[in-house]
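Have a look at the structure below, then the notes.
Chains as they are written, first to last, in full-length UniProt numbering: chain A, 1 to 369; chain B, 1 to 109.
Next comes the structure, spelled out in structure tokens:
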């Protein structure tokens with residue numbers, strides 16, 4: 001939709017100039033990030049009490065609850081896209097950081113190599129094993145105490161999962177004389193993550209009888225062998241967080257972007273409308289037939305990737321205002337398969353609550369002394 | 001002061017001698033921008049707070065210096081406590097909204 005030109009034209013090309021806050025663009029400064037030709041303006045949150053006369057920006061839980069909405073746009077077993085509207089970037093970013101680094105998972109930590117005659121070095125093999133995602137619900141396990149580290153006996157059933165990898169490669173007696181295909185010539189020459197077997201400790205066999213614990217994916221290639229080479233490895237998986245090592249991160253990635261907003265300042269028609277349509281991602285601009293002429297209308301600005309291509313055309317750049325809505329976050333969470341993405345989001349929110357609670361308890365303790 | 005014996009300190013308060021209770025620097029251990037920035041936002045939304053900021057003293061040490069200066073002689077622990085409570089309430093509300101939305105979507109499929 002285009003607006004009548006009620007907004008004052010900005011002077012483009014002046015780097016570092018702050019916008020003067022007058023009556024008409026205060027709402028703009030407070031709620032929109034402007035994408036200009038040479039820079040991005042109004043990035044920071046400014047609605048703190050005292051900054052704007054006439055606005056009451058003090059924290060009001062009722063107002064927040066009234067304005068806050070969430071919407072789950074897309075959900076399948078590993079990937080989720082959802083919207084959070086009405087929250088500030090500081091808190092949305094906290095959720096993103098926690099999803100990446102502070103939601104715990106189980107991963108291989110100690111690798112006891114009894115025999116490795118493959119050409120993959122011990123440490124490289126151990127590194128690869130650590131990065132394999134392990135399908136075990138981390139909420140059912142405890143952290144291992146950093147104190148006792150003494151060989152295999154340190155792991156107990158409440159904090160350790162034991163896995164075994166035992167593969168020996170041999171020549172295939174039934175292969176034909178002149179074949180050169182390794183698939184035919186050798187038996188067990190590819191070691192996949194599906195070869196990792198769970199060895200239950202203590203009462204784990206009863207507690208986790210129906211949840212088969214093991215790698216999430218069976219087809220991750222760990223090593224390749226030739227006849228005579230073998231691997232005999234025992235692995236201990238412990239609970240950890242991504243801050244410690246990236247192998248503990250439960251998400252392939254978690255990211256967010258702000259909702260783009262495209263405003264046409266004048267009606268754009270004909271050939272200009274065609275060029276305008278090509279400047280944006282597909283599906284953003286639609287050409288309507290009005291009085292025999294094609295007029296451009298913004299149909300779905302969410303699909304735009306904000307490449308600012310339109311600002312490269314001299315005759316189009318003053319007809320469009322590009323921006324982003326500062327409190328509308330489009331989150332994308334892709335899980336590695338350990339936990340479903342909606343569980344990861346709820347766990348991340350609980351982690352932030354736990355952090356706050358920890359310091360509240362500490363404040364109460366110091367006050368009582 | 002928190003931390004006694006061999007227990008690791010979680011929260012310390014640093015105050016200049018002679019300053020009133022309204023200007024305090026809190027040292028939060030084992031924290032980084034995740035809690036620092038979100039808590040700073042919540043404390044800044046408090047009208048009694050004249051100054052609020054945080055910094056990470058050195059990237060190799062995981063602690064943040066969180067400074068609050070209040071106006072009107074209010075002790076600085078009050079906006080900190082209110083900020084922590086508000087942040088916790090925000091998280092609770094986000095969690096409830098998300099669970100409602102998820103159940104709604106789950107049941108309508």
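Glycine is no exception: its CB is placed at the ideal position from the N, C-alpha and C atoms.
CA-to-CA distance, residue j to residue i, given in whole angstroms
i: residue 39 (chain B); j: residue 61 (chain A); result: 15 Å
i: residue 30 (chain A); j: residue 64 (chain A); result: 16 Å
i: residue 242 (chain A); j: residue 138 (chain A); result: 13 Å
i: residue 89 (chain A); j: residue 347 (chain A); result: 19 Å
i: residue 110 (chain B); j: residue 131 (chain A); result: In the structure as shown, chain B begins at 1 and stops at 109. Residue 110 (chain B) is therefore absent and cannot be evaluated.
i: residue 125 (chain A); j: residue 163 (chain A); result: 15 Å
i: residue 142 (chain A); j: residue 158 (chain A); result: 6 Å
i: residue 95 (chain A); j: residue 34 (chain B); result: 8 Å
i: residue 23 (chain A); j: residue 7 (chain B); result: 55 Å
i: residue 302 (chain A); j: residue 84 (chain A); result: 14 Å
i: residue 49 (chain A); j: residue 24 (chain B); result: 21 Å
i: residue 198 (chain A); j: residue 246 (chain A); result: 23 Å
i: residue 360 (chain A); j: residue 82 (chain B); result: 10 Å
i: residue 98 (chain B); j: residue 183 (chain A); result: 49 Å
i: residue 103 (chain B); j: residue 156 (chain A); result: 37 Å
i: residue 111 (chain A); j: residue 229 (chain A); result: 18 Å
i: residue 167 (chain A); j: residue 177 (chain A); result: 25 Å
Burial state of residue i (16 or more Cβ within 10 Å)
i: residue 114 (chain A); result: exposed
i: residue 80 (chain A); result: buried
i: residue 144 (chain A); result: buried
i: residue 266 (chain A); result: exposed
i: residue 17 (chain B); result: exposed
i: residue 73 (chain A); result: exposed
i: residue 100 (chain A); result: buried
i: residue 32 (chain A); result: buried
i: residue 205 (chain A); result: exposed
i: residue 327 (chain A); result: buried
i: residue 22 (chain B); result: buried
i: residue 351 (chain A); result: buried
i: residue 314 (chain A); result: exposed
i: residue 290 (chain A); result: exposed
i: residue 66 (chain A); result: exposed
Interface flag, residue i vs chain B, CB-CB below 9 Å
i: residue 94 (chain A); result: yes
i: residue 368 (chain A); result: no
i: residue 41 (chain A); result: no
i: residue 87 (chain A); result: yes
i: residue 50 (chain A); result: yes
i: residue 357 (chain A); result: yes
i: residue 103 (chain A); result: no
i: residue 342 (chain A); result: yes
i: residue 329 (chain A); result: no
Residue i - containing beta strand (DSSP E), residue span
i: residue 68 (chain B); result: 63-70
i: residue 164 (chain A); result: 161-168
i: residue 260 (chain A); result: 251-264
i: residue 116 (chain A); result: 105-116
i: residue 327 (chain A); result: 320-335
Segment limits, alpha helix (DSSP H) that includes residue i
i: residue 41 (chain B); result: 33-44
i: residue 246 (chain A); result: Unbroken run through residue 246 (chain A): none, as it is neither H nor E.
i: residue 66 (chain A); result: 61-67
i: residue 313 (chain A); result: Segment: none, residue 313 (chain A) is in no alpha helix (DSSP H) and carries neither H nor E.
i: residue 92 (chain B); result: 77-108
i: residue 26 (chain A); result: 26-31
i: residue 306 (chain A); result: Note, residue 306 (chain A): premise wrong, no alpha helix (DSSP H); not H, not E.
i: residue 232 (chain A); result: Here residue 232 (chain A) belongs to no alpha helix (DSSP H); instead the beta strand (DSSP E) covers 230-240.
Residue i at chain A interface by Cβ criterion, 9 Å
i: residue 60 (chain B); result: no
i: residue 45 (chain B); result: yes
i: residue 85 (chain B); result: yes
i: residue 91 (chain B); result: yes
i: residue 37 (chain B); result: yes
i: residue 99 (chain B); result: yes
i: residue 88 (chain B); result: yes
i: residue 102 (chain B); result: yes
i: residue 67 (chain B); result: no
i: residue 34 (chain B); result: yes
i: residue 21 (chain B); result: no
Nearest-angstrom beta carbon gap, residue j and residue i [assumed within contact, 8 Å]
i: residue 194 (chain A); j: residue 232 (chain A); result: Contact doesn't hold; Cβ gap of about 17 Å is too wide.
i: residue 20 (chain B); j: residue 72 (chain B); result: Rounded, the Cβ-Cβ distance is 10 Å, inconsistent with contact.
i: residue 223 (chain A); j: residue 120 (chain A); result: 5 Å
i: residue 58 (chain A); j: residue 46 (chain B); result: 7 Å
i: residue 133 (chain A); j: residue 336 (chain A); result: 4 Å
i: residue 92 (chain B); j: residue 70 (chain A); result: No, residue 92 (chain B) and residue 70 (chain A) are not in contact; Cβ-Cβ is about 14 Å, not under 8 Å.
Distance cut-off 8 Å: residue i Cβ against heavy atoms of the ligand PLP
i: residue 102 (chain A); result: This structure lacks the ligand PLP, and indeed carries no ligand of any kind.
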